[in-house]
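First up is the structure itself, then whatever we jot down about it.
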Amino acid sequence: MTYLQTELKKLLKNDRQREAYVCNESCVVLAGPGSGKTATLALKVIRLLTNDIPPPRGLACITFNNEAVREFSNRLRRLGLQPRTNVFLGTVHSFCLSSVVVPFGKLFRSDLPSPMRVAPDDVRQLCLEKAMDKIGTSESPSGFQTRFDRYRRTHLDRTSTNWREDKDCAEAIEHYETLLRGKGYIDFDDLILISLNLIESEPFVRQCIAAHYPWFVVDEYQDLGYPLHRIILTLLDKADVNLFAVGDPDQSIYGFAGANPQYLHELSSRTDMASIRLELNYRCGQKIIDGAEVILSPEAPRNYKSSREDGDPGEIYFVERPGGLEEQALTVVEEILPLVWDAGYEPRETAILYIDRYDAAVISKALDDRAIKYAGVQDQRYKRTRVTRWLEECAQWCCGTGGKDAVRFKDISDFWIGLLRRTGVQLLDEYLLEHLRTFFAAICSLRNHEMALSDWLNSLDLNLSLRDRLRSWQEAPEEAEACDSLFSVCCDGHPLEGFALADLAGCGPNSNIVSLTTLHSSKGLEFDVVVILGLDEGRLPSWGAQSPLALKEARRTFYVGFTRARHLVYLLYSGWYQNRWGRRFKNGPSRFILELQEALGVQPAQ
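Under my numbering, the sequence shown is numbered contiguously, ending at residue 606.
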């Protein structure tokens, strides 16, 4: 039986998943944690391409971030889907760039720079600071940027009466965009806003998109924000486009970026849209599911049920450490991790979740002091992007690690060929083999797991001109910045000084090391054991998040982290916390901890 047949057999046992799979109309799937939404989504894509969309037409599959793209593309590959020119799989930003702004922007917009360049971080920061000077605000750039970004992503009509309801934000946005254009750049938000403008105002653009992509498949719909919601509604109402969207309003945790669960609710309530709810949870034990509902405190019960075949209800542990975050971190590395690993759980199935960068620094030091290897989406040592993830995979291939999930040469070479294309190399058929030979020779010459990581990176860069190529990738300046950050932390006196190639290989997705990441970035992941630190009142929820809407989002954030666990959850708190300026606040454990303890009959700490 093939992998595809095995996955179909499992899916067809679930009535609600089967209903979503066979549905022939536009459909919204409301999928709780661990409900098999990714499997349903992937199999739906295979079915659409096999039965419902005759070539050369195809579909556009849009997901939240590059990590999700990576996971989803690997799943489709295992199901047998080969890369096709009529299938788009990527983030909303990459879709807007490749399918809207590049092909149609210059036809209808005279204000766009040529060539199209996406501004790197330093240019965006400079323009923002000048815009702040223009309006005369004394607010810190980081504080103002949150307000600025959210306003720009939610106030889309510059001619409406509410455009200037926050006069400072509106004027700063206008000046910022003028400065950016003057330097010949657009930014990532521009990609979506320009695409929305073209799709809403130009029938020709809508017709071309619908002809190419009669189906849109959208993952994590609740996280993708108001501009994409408007794009989807316009294509549904004014073009011959169908939609298969998957999401969970209870996991909407990016309000600071303009996300709002109401967009998914609005979509699922449309009369032309089938709405299906997945209620079985294949990941969590029932005790963890019940605890998650306490955290969420929903107005209506969710009634999720565990479908775990082992019948394990899971367990929740409350760990008070009055010595503060440092004592919590020591408890994790000296007590909790040895305990769970002795019980048979693997490091790769263990996650430590934290609230902010200060927490990351504390727990990272505790892990480093005990030589416990770790990596995560928000790794504090270097930025994780498509390219640095690819370098981790190259390191794994060179070291021969990964077991049955080992990286294949085709995986890393396909990425390299794609990178050459994105950076302007003309890959004619007669030269493609030569590029593959060059890459193969370069990577084979570096198969030495004891090689110093700095030497390995520099040799790879010398043989492939990697960093020069990345600097010419104008649509993704963050990739060059991330690659430079990895190279820089290998220098003398930096975090990865003295690391060998095997250490980078150990950071890859198939490695057996601890995952360390934020509550926000844990979304979409799953582990046997989840450890969450810093659960004190004033931190989660934060002292500044006391409005009803902010409290709901804080609940959803905790809910997301909590529901990553299959078996065990450890919740650590001190009853007080210290801010970055050294001031202490003794507010007791998080109210969410107290609610959980009361619901589970656990005696709260005195």
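By construction, the Cβ of each residue, glycine as well, lies at the ideal position given by its N, Cα and C atoms.
Counted within 10 angstroms of its Cβ, other Cβ atoms place residue i as buried (16 or more) or exposed
i, result
"E392", "buried"
"M613", "Residue numbering for the chain in the displayed model covers 1 to 606; residue 613 lies beyond these limits and cannot be assessed."
"Q606", "Annotation note: pLDDT 45 at Q606 (below 50); position unreliable, coordinate value reported separately. Result: exposed."
"A360", "buried"
"S547", "exposed"
"W543", "exposed"
"L470", "buried"
"Q22", "Contrary to the premise, residue 22 reads as Val rather than Gln in this sequence. So V22 ends up on the exposed side."
"Y263", "buried"
"Y3", "exposed"
"P477", "buried"
"C169", "buried"
"R556", "buried"
"R84", "exposed"
"E25", "exposed"
"T63", "buried"
"K9", "exposed"
"G506", "buried"
"C491", "exposed"
Reference residue i; option with closest CA among the options
i, options, result
"P113", "E327, L427, C96, D190", "D190"
"F244", "D111, A60, Q474", "A60"
"A172", "S160, T146, C394", "T146"
"C399", "R389, I352, E450, S364", "E450"
"L600", "N24, H93, A292, R381", "A292"
"R381", "V340, V489, L89, C96", "V489"
"A343", "G80, V529, Q578", "V529"
"N65", "V218, C169, R302", "V218"
"S364", "S515, R152, T423", "S515"
"Y577", "P338, V69, I355, Q251", "I355"
"C444", "Y431, L464, L427", "L464"
"S607", "L30, R580, A545", "The first residue shown for the chain is 1 and the last is 606, placing residue 607 beyond what the model contains."
"E165", "E177, H175, Y151, Y176", "Y151"
"L457", "L427, E497, E71, E326", "E497"
"G561", "S252, F415, L432, C491", "S252"
"S522", "R583, G376, I417", "G376"
"M273", "H265, Q82, V425", "H265"
"I192", "H175, C208, Q222, L156", "L156"
Through-space distance from residue j to residue i, alpha-carbon basis
i, j, result
"E434", "L180", "40 Å"
"F144", "K167", "13 Å"
"L224", "A259", "6 Å"
"D461", "R467", "6 Å"
"V531", "S574", "15 Å"
"K13", "G36", "12 Å"
"D121", "P214", "35 Å"
"R389", "L504", "10 Å"
"N396", "A502", "Note that residue 396 corresponds to Gln in the displayed sequence, not to Asn. Each residue's alpha carbon lies about 8 Å from the other."
"E67", "N448", "28 Å"
"R348", "G524", "15 Å"
"S275", "W473", "41 Å"
"S195", "L228", "9 Å"
"E475", "P589", "45 Å"
"G182", "C127", "10 Å"
"P203", "D248", "32 Å"
"L236", "N242", "7 Å"
"R18", "F108", "43 Å"
"T161", "I231", "22 Å"
"T6", "T38", "15 Å"
"S307", "A565", "14 Å"
"R246", "N303", "Per the sequence shown, the amino acid found at residue 246 is Val instead of Arg. So the alpha carbons of these two residues sit roughly 19 Å apart."
"N51", "T350", "40 Å"
"Q597", "P338", "25 Å"
"L446", "A452", "11 Å"
"L436", "I412", "11 Å"
"K305", "V28", "21 Å"
"Q125", "W581", "25 Å"
Beta carbon proximity, residue i to chain C, threshold 9 Å
i, result
"Y382", "The structure shown contains no chain C; it is built from a single protein chain."
Across the stretch 562-577 and the stretch 320-335, are there enough close Cβ pairs to call them in contact, namely three or more that are closer than 8 Å? The stretch 562-577, when compared against the stretch 320-335, does touch it at the 8 Å Cβ threshold.
With contact counted as at least three CB pairs below 8 Å, one residue from each stretch, are the stretch 536-556 and the stretch 580-598 in contact? yes
List, from N- to C-terminal side, the beta strand (DSSP E) runs of 3 residues or more that fit wholly inside the stretch 324-410. 350-354
Would you say the stretch 312-321 touches the stretch 283-294, given that touching needs at least three Cβ pairs under 8 Å? yes
Which runs of the alpha helix (DSSP H), 4 residues or longer, sit entirely within the stretch 130-214? 141-154, 167-182, 188-201, 203-212
Would the stretch 190-201 and the stretch 95-109 be scored as touching if the rule is three or more Cβ pairs under 8 Å? yes
Quick one: any contact between the stretch 40-51 and the stretch 75-86, if contact means 3 or more CB pairs under 8 Å? yes
Could you pull out every unbroken beta strand (DSSP E) segment of at least 3 residues lying fully inside the stretch 405-471, listed in chain order? none
For the pair the stretch 88-97 and the stretch 6-20, tell me if three or more CB-CB distances fall below 8 Å. no
Continuous alpha helix (DSSP H) assignments of at least 4 residues falling wholly in the stretch 470-551: 477-488, 501-505
Along the chain, which unbroken stretches of the alpha helix (DSSP H) at least 4 residues long are found entirely within the stretch 64-105? 66-78, 92-95
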